[in-house]
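Undergrad: The structure is given below, and queries will be raised subsequently.
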Amino acid sequence: IKKITTHQLQEMKNRGEKISMLTAYDFSMAKLVDASGVDVILVGDSASNVMAGHETTLPITLDQMIYHASAVVRAVERALVVVDIPFGSYQGNSSEALRSSIRIMKESGGHAVKMEGGAEIQESIKRILSAGIPVMGHLGLTPQSIYKFGTYTVRAKEEEEAEKLIADAKILEECGCFSIVLEKIPAELAKRVAKEVNIPIIGIGAGPYVDGQVLVLHDVLGITTEFKPRFLRHYARLDTVITEAIGKYVEDVKNIEFPNEDEMY
Ligand code: KIV
Ligand code: NA
Numbered sequence: 008i009k010k011i012t013t014h015q016l017q018e019m020k021n022r023g024e025k026i027s028m029l030t031a032y033d034f035s036m037a038k039l040v041d042a043s044g045v046d047v048i049l050v051g052d053s054a055s056n057v058m059a060g061h062e063t064t065l066p067i068t069l070d071q072m073i074y075h076a077s078a079v080v081r082a083v084e085r086a087l088v089v090v091d092i093p094f095g096s097y098q099g100n101s102s103e104a105l106r107s108s109i110r111i112m113k114e115s116g117g118h119a120v121k122m123e124g125g126a127e128i129q130e131s132i133k134r135i136l137s138a139g140i141p142v143m144g145h146l147g148l149t150p151q152s153i154y155k156f157g158t159y160t161v162r163a164k165e166e167e168e169a170e171k172l173i174a175d176a177k178i179l180e181e182c183g184c185f186s187i188v189l190e191k192i193p194a195e196l197a198k199r200v201a202k203e204v205n206i207p208i209i210g211i212g213a214g215p216y217v218d219g220q221v222l223v224l225h226d227v228l229g230i231t232t233e234f235k236p237r238f239l240r241h242y243a244r245l246d247t248v249i250t251e252a253i254g255k256y257v258e259d260v261k262n263i264e265f266p267n268e269d270e271m272y
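Here the UniProt record's numbering is used: the first residue of the sequence shown is 8, the next is one more, and so on.
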C-alpha cells in the first residue's frame, strides 16, 4: 500500500482532487477508517470530548494524546496520521512547543502535528518545522480558546475578523505549514482562503469550496448524536445499531439463550 504524504496532499490540491480526513483515537477504529480509504487521520484533541467525556478539549494531556496517537499509528497502513498538540503544551512558548512535538513524533510515531492559531504561534511553528516535523494549522473556530470567545458559533462573519483570518492563513503558509484546517466559518470566506493560499485547506463547517473535508468519526457514524450542528452529516446511526445489539445480548443472557450448544466447550 502506498502511504499518503504531505506532498501527495499538495498534489491533490494542485489537480483538484478533494482530500478526505476523519478523526480516530484508537487501534480498532483507526484500522477501519484507514481501510475505508480516508487520506488523513487526525488524532484530534476532540478525544477529550468523545473518548473522555469532557465538555471541552482543554483537559486532555500530552501523555493522553500520545497514548491515543500510538494506538492509531499501530493500525494505519495508508493514511497520513496528524496529531493535535493539546492545550497547554505549546501556547506562548516555542521551546515547549518543539519539545511537545518531538515527544509526539518519537513516542507515538505520528507523521505530523496540528496546532491552533495564526500569527501568535508563528515562532513555535517555525521552530517545529526546523526540526523536520510537518505542521498543520487550524484557524476559525479554535476550541482550545473557547473561553476567550465564549461560544461555539460561526467565526469571522465580520470583515475585520475575516481579514485577520486571511492574513493568518498566509502567515501559516509562509511559515511552511503543509495544510490548514478551517473550522466553522462562512463558505465564501473559506473559498477565498483556498484560492489565495496555495497549501491544502481542509474545512469543517466551512462549505464545499475548499480542498478537503474533516469531521469527527463518532459524529459521522452517529455514535454521538446529542451534538448535531448544521455542518454535520450522519452517515450512519450506530447508536441504535449498538444499543439494539447489546439489548439483544442482555435479553439472551437473561433468557439463557446465550451461550448455546455450539458456544460452549
Ligand atoms: O480535534 C478535532 O477533532 C479537530 C477537528 C474537528 C478539526 O481539531
Ligand atoms: Na482539535
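Virtual Cβ for every residue (Gly too), placed ideally from N, Cα, C.
Here the structure is a predicted model, which is why all the values come from computation and not from measurement.
Are the segment 184-191 and the segment 246-253 touching, with three or more C-beta to C-beta distances below 8 Å?
TA: Cβ pair count under 8 Å is below three, so no.
Undergrad: Answer yes or no: the CB of LEU65 versus the heavy atoms of the ligand KIV, is any distance below 7 Å?
TA: LEU65 Cβ: outside cutoff for every heavy atom of the ligand KIV.
Undergrad: Considering only heavy atoms of the ligand KIV, does any lie closer than 7 Å to the CB of ASP70?
TA: Incorrect: ASP70 has no Cβ contact closer than 7 Å to the ligand KIV.
Undergrad: How about SER152: is its Cβ closer than 7 Å to a heavy atom in the ligand FMN?
TA: Ligands displayed in this structure: the ligand KIV and the ligand NA; the ligand FMN is not among them.
Undergrad: Who are the Cβ neighbours of VAL204 in its own chain at under 6 Å, not counting the five residues just before and after it?
TA: Contacts found: ALA176, GLU180.
Undergrad: So if DSSP puts LYS121 in a beta bridge, which residue, or which two residues, is it bridged to?
TA: DSSP lists ASP91, MET143 as partners of LYS121.
Undergrad: Which residues in the same chain as GLY215 place their Cβ atom closer than 8 Å to its Cβ, once the five residues preceding and following it in sequence are excluded?
TA: One point to set straight first is that residue 215 is Pro, not Gly, in the sequence displayed. These residues qualify, in order along the chain: ALA194.
Undergrad: Flag GLY51 as yes when its Cβ comes closer than 7 Å to any non-hydrogen atom of the ligand NA, and as no otherwise.
TA: Yes, the Cβ of GLY51 comes within 7 Å of a heavy atom of the ligand NA.
Undergrad: Which residue from LEU146, CYS182, PRO150, GLN151 puts its Cα closest to that of GLU170?
TA: Looking at the Cα atoms, LEU146 is the closest of the given residues.
Undergrad: Just how far apart, CA to CA, sit LEU101 and MET58?
TA: According to the sequence displayed, residue 101 carries Ser and not Leu. One C-alpha to the other measures close to 28 Å.
Undergrad: Answer with buried or exposed for PHE234, where buried requires no fewer than 16 other C-beta atoms within 10 angstroms of its C-beta.
TA: With fewer than 16 other Cβ atoms within 10 Å, it is exposed.
Undergrad: Given this structure, state the Cα-to-Cα distance separating LYS133 from CYS182, to the nearest angstrom.
TA: In a straight line, the C-alpha of LYS133 is about 6 Å away from that of CYS182.
Undergrad: Less than 8 Å separating the beta-carbons of ASP52 and ILE67?
TA: A contact, by the Cβ cut-off of 8 Å.
Undergrad: Hey, is VAL40 close to the ligand KIV, as in C-beta under 7 Å from one of its heavy atoms?
TA: Result no, Cβ not under 7 Å from the ligand KIV.
Undergrad: Does the ligand KIV have a heavy atom nearer than 7 Å to the CB of THR160?
TA: No.
Undergrad: Is ILE192 near the ligand KIV, with its Cβ less than 7 Å from a heavy atom?
TA: No, Cβ of ILE192 sits at least 7 Å from all heavy atoms of the ligand KIV.
Undergrad: Taking the Cβ atom as the reference point for each residue, do ALA76 and SER115 lie within a distance shorter than 8 Å?
TA: Closer than 8 Å, so yes.
Undergrad: With ILE140 and ARG85 assumed to form a contact (beta carbons below 8 Å), what rounded beta-carbon distance in angstroms separates them?
TA: Actually they do not touch by this definition, with Cβ atoms about 21 Å apart.
Undergrad: Does DSSP classify ILE135 as helix, strand or coil?
TA: It is helical.
Undergrad: What are the start and end residues of the alpha helix (DSSP H) that includes residue 307?
TA: Given that the chain is displayed from residue 8 to residue 272, the structure contains no residue 307 and the question cannot be resolved.
Undergrad: Classify GLN71 as helix, strand or coil using the three-state DSSP reduction.
TA: In the structure shown, GLN71 sits in a helix (DSSP, three-state: H, G or I).
Undergrad: Quick one, which of LEU87, THR30, LYS38, ALA54 has its alpha-carbon nearest ASP46's?
TA: Of the listed residues, the one whose Cα sits closest to ASP46 is LEU87.
Undergrad: Taking Cβ positions, are GLN17 and PRO207 nearer each other than 8 Å?
TA: Yes, the Cβ-Cβ distance between GLN17 and PRO207 is below 8 Å.
Undergrad: Excluding the 5 residues preceding and the 5 following GLU123 in the sequence, name in chain order all residues of the same chain whose CB lies nearer than 6 Å to its CB.
TA: Only HIS145, THR149, GLN151 meet the Cβ criterion.
Undergrad: Report the residue from GLN129, VAL89, ARG199 whose alpha carbon sits nearest the alpha carbon of GLY99.
TA: Closest by alpha carbon: GLN129.
Undergrad: If you drop the 5 nearest sequence neighbours on each side, which residues of the same chain put their C-beta closer than 8 Å to that of TYR97?
TA: Once the five neighbours on either side are set aside, the close Cβ partners of TYR97 are GLU103, ALA104, SER107, SER108, MET122, ILE128, SER131.
Undergrad: Identify, in the order they occur along the chain, each residue of the same chain with its Cβ nearer than 7 Å to the Cβ of PRO236, setting aside the five sequence neighbours on each side.
TA: So the qualifying residues of the chain are GLY212.
Undergrad: What is the DSSP secondary structure of GLN15, counted as helix, strand or coil?
TA: Helix.
Undergrad: When the cut-off is 8 Å and only beta carbons count, does VAL120 lie next to chain C?
TA: No chain C appears in this structure, which consists of one protein chain only.
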